[in-house]
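Report on one structure; see the data block that follows.
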């Protein structure tokens, strides 16, 4: 699940041909199937049903495209099939269980998107729009205001050089400011030597996931310069998507090892709690379910971050954490990834609502997740699920927000 | 008939089926749309191409030939399936059917083009009958999903050797072998009722589903959110006169499309013991196996002709690296699973291979591993264990020294741990320092689900897998394996040299028959290699059938040649029956 500078069509074809069509990617692994109701793991297969929307189907389409079997323009469904994949990696995680040499279906999907883009089959209109906005305004939301200035004001002219660089990301910077604020508060509370920048720009994740690679080198190189200027040795992320993109994709584009280390807030928090540097004063009486973001879990293979966030939640007094039928490698995506939230919002909401339904049936009242994009997706899903079921809305809270609250913050 | 003739004949059949013209396709789509939601009917190539492959890796002897259906339809109930069949008959268009698509003989491929009926939307567990011990499912329900629902009720389904992502309906129709087949029978013997649609659109019900009205099915909510109802005493009834439950079996969808199946389930037994012994000689191992099954001891046994085991034995005192290198290049049969266990055990439990195999392998090379599952009350297990020990001590049956595995080794060959929870698994495996989490199934073997993942694992990248399954009596095992190896040596010597073959032996019903699965691995991207495996198997099947060995699950394309030649009378009779409901028009195989 990463992007290479030159996409080798032969390698992609070989990977597509290597799919055994064993159907292990339709549902949770047999050994991890906890119920019939919550066993599906492929969002697009679940919604659209045709084989084409499951990973083996997309692999077969990739093969047909690379072997020029059909004319692209003869299909009215091709665009929807290719861009309905949330690139959540559930199929890829299952595929690893049965393959020595990974077929890597998400690699295939991302690569085929880039290839189709070159061949003239463009992404969904809204996906094109966020690429254009990123090109002009350096963020996919089309925001023109100065980035992170509200946080910088709080720093009161603190030195720009620091041990940690907090990479805020577009979603936390523009849409879910409470995530950034909570992260900022925690870092300040712990008297951490950190900085951030108003010059930070989009990490490129939404563009890479949708195969729109043209602007990627600029985004990566400019961001690296900004981080280097801070002299930070480590970059902290509160966004799972940014963390995954910087950790996995940037080195390929930069052409060498990054001049800094990367760490996600969940890892950072777990370390602080373990070392007794972070203590929770306020009991929070909630029954919560933890939702694994794809970009912290399956995408980070072989270093999936599964234990750290759970450990942090379990240390908060008063909280009861329940286990879902689909967790960790078997998590059902929130439905927002891979450009789907922008491209196919109705389907995205449907998947999110199914995830919320699982949470409700397992007895939780709140979903905790450390990914701003999952929060956005699941919040919309919670709204839909609440209307349809007639029940109170399930709350969706960021992990840093939860920690901030438990620390006694607002 | 020679292989080449079979191939030519099949080619002729294939050439008769051209792509559908647009006018006909449009008329068909219009007619289908009168009942079925149009969004689940398509002629778009991007929606058709995915059906050009199934797990078999190809069905036309040409890996580069991808045949797509002309139209794809996703029905959601029996009435819609019946409608599709009647429309197909009206236009005389071939019909193909797919559920999970898991098979090794190209049974889900649209070789004759036409309409592809994808049963993915028929995914409901309709009923779990706790009193009558049956479960009623639609075609897209997998074993894993069914077992997940049965688990809290302390019930279990008979788990097959296939990956548990496989459809229950399909596996039973194609007489899949199960881990308890020695006691309860193979796939078809567990069916107690069917609902199916004949190719002319007639809906039939048999056995326990005989009196089930259509309304019973339609009251269930459509889609994935199904809750099985709990029945109260569905009785297994055989129909009057000729029982038509057998009609769709082995029919590749050609004799009827099953839309609902009621099968036996069992109470979960708390006490289990797995016996595991290693042997050098095949004949000796088979003799012991036959005796154990003949005396009706235990619930199942499995014997792998596994060279990996031999390597494990021979290299257990050498470096781990050497063993790993060896096992990487070795054959891919059941021992693939054992190999995986070997790889993971030292990491999980901080033990070396040397420690694991100490004692077990000390008596010399182990070529065959025999396992027996003893299940029942503690007293029954003790008694069965004693009977097995007596067989092993009887020199007229067993001429080898007994290599009993320690409980630790047994656990590793057949891991058994009911306690493991997913989180525990991930933590354990992650902390072990392994590169990935693929070994999770090792720790949840208690459900007998996990071993089946190995089968899926075998169908992997550079090792495509061809499997043929046969039935025979115990006395023929050695002869047939010898014959299989001779065939391989003749046409595909490198397969023998490079250990690209394997055999899995599973007892059938007691001592009445045994299931032998022959495995050849190949590179699915290598046309030449693939041709060779097909050639070997075709020749082997034809000549073995002449020796009285019965083979199951032939590719659609070769049924007409192989089965017609081997069983001319049955084939004619079958054709006559199928003609009566015009199946041969729609389903040419």
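Chains as they are written, first to last, in the numbering used here: chain Y, 1 to 410; chain Z, 411 to 999.
We treat Cβ as the ideally placed atom computed from N, Cα and C, and that holds for glycine.
- Listed by position along chain Z, the residues whose Cβ is nearer than 8 Å to that of residue 36 of chain Y are 535, 551, 555, 556, 558, 559, 636, 638.
- Residue 898 of chain Z and residue 975 of chain Z have their C-alpha atoms spaced approximately 23 Å apart.
- Here the alpha carbon of residue 476 of chain Z sits roughly 19 Å from the alpha carbon of residue 932 of chain Z.
- C-alpha of residue 141 of chain Y to C-alpha of residue 619 of chain Z: approximately 57 Å in a straight line.
- Annotation: residue 415 of chain Z to residue 10 of chain Y spans about 36 Å, alpha carbon to alpha carbon.
- Along the region 972-983 of chain Z, there is no position whose C-beta sits under 8 Å from a C-beta of chain Y.
- Residue 669 of chain Z: not part of any alpha helix (DSSP H); member of the beta strand (DSSP E) spanning 667-674, first to last residue.
- For residue 615 of chain Z, there is no enclosing alpha helix (DSSP H); the residue is part of the beta strand (DSSP E) that begins and ends at 613-617.
- At least one C-beta of chain Y is nearer than 8 Å to the C-beta of residue 530 of chain Z.
- Beta-bridge pairing by DSSP links residue 377 of chain Y to no other residue.
- Interface residue (Cβ-Cβ distance to chain Y less than 8 Å): residue 511 of chain Z is classified as such.
- In terms of Cβ geometry, residue 482 of chain Z and residue 457 of chain Z form a close pair [threshold 8 Å].
- Contacts with chain Z (Cβ-Cβ distance below 9 Å) from the region 14-36 of chain Y involve 14, 15, 17, 18, 19, 20, 21, 22, 23, 24, 25, 26, 27, 28, 29, 30, 31, 32, 33, 34, 35, 36, listed in chain order.
- Only those residues of the region 67-87 of chain Y whose C-beta falls short of 8 Å from the nearest C-beta of chain Z are listed: 69, 70, 74, 75, 76, 77, 78, 81.
- Going by DSSP, residue 234 of chain Y is part of no alpha helix (DSSP H) but of the beta strand (DSSP E) stretching over 234-237.
- Scanning its chain for C-beta atoms nearer than 7 Å, with the 5 sequence neighbours on each side dropped, one finds around residue 190 of chain Y the residues 272, 277, 278, in chain order.
- In terms of CA proximity to residue 337 of chain Y, Y:210 leads the group Y:210, Y:275, Y:267.
- Scanning its chain for C-beta atoms nearer than 8 Å, with the 5 sequence neighbours on each side dropped, one finds around residue 67 of chain Y the residues 13, in chain order.
- Here the alpha carbon of residue 225 of chain Y sits roughly 44 Å from the alpha carbon of residue 357 of chain Y.
- Put simply, of Z:613, Z:670, Z:556 the residue whose alpha carbon is nearest the alpha carbon of residue 676 of chain Z is Z:556.
- Chain-order list of chain Z residues neighbouring residue 248 of chain Y: empty, with the shortest C-beta distance near 16 Å, by a criterion of under 9 Å.
- Inter-segment contact for the region 71-79 of chain Y and the region 104-115 of chain Y is absent: fewer than three beta-carbon pairs are separated by less than 8 Å.
- In the same chain as residue 53 of chain Y, and ignoring 5 residues on each side of it, the C-beta atoms closer than 7 Å to its own belong to 44, 45, 81, 84, in chain order.
- In the three-state reduction of the DSSP assignment, residue 964 of chain Z falls in the coil class, being assigned neither a helical nor a strand state.
- Chain order gives the chain Y residues near residue 463 of chain Z as 21, 60, where near means a beta carbon separation below 7 Å.
- Not a single C-beta of chain Y is nearer than 8 Å to the C-beta of residue 795 of chain Z.
- One alpha carbon belongs to residue 426 of chain Z, the other to residue 953 of chain Z, and they sit about 28 Å apart.
- One thing to note: residue 163 of chain Y has its Cβ within 8 Å of the Cβ of residue 233 of chain Y.
- About 39 Å separates the Cβ atoms of residue 129 of chain Y and residue 284 of chain Y, ruling out a contact at the 8 Å cut-off.
- The Cβ atoms of residue 297 of chain Y and residue 323 of chain Y lie no closer than 8 Å to each other.
- Contact of residue 574 of chain Z with chain Y by beta-carbon distance below 7 Å involves 30.
- Secondary structure note for residue 189 of chain Y: its alpha helix (DSSP H) is the uninterrupted segment 177-189.
- Contact between residue 169 of chain Y and residue 242 of chain Y holds, with the beta-carbon distance rounding to 4 Å and staying under 8 Å.
- With distances taken between CA atoms, residue 803 of chain Z lies nearest to Z:698 out of Z:568, Z:536, Z:698, Z:479.
- In the DSSP secondary-structure assignment, residue 321 of chain Y is bridged to Y:288.
- Using a CB distance cut-off of 8 Å, residue 51 of chain Y counts as an interface residue toward chain Z.
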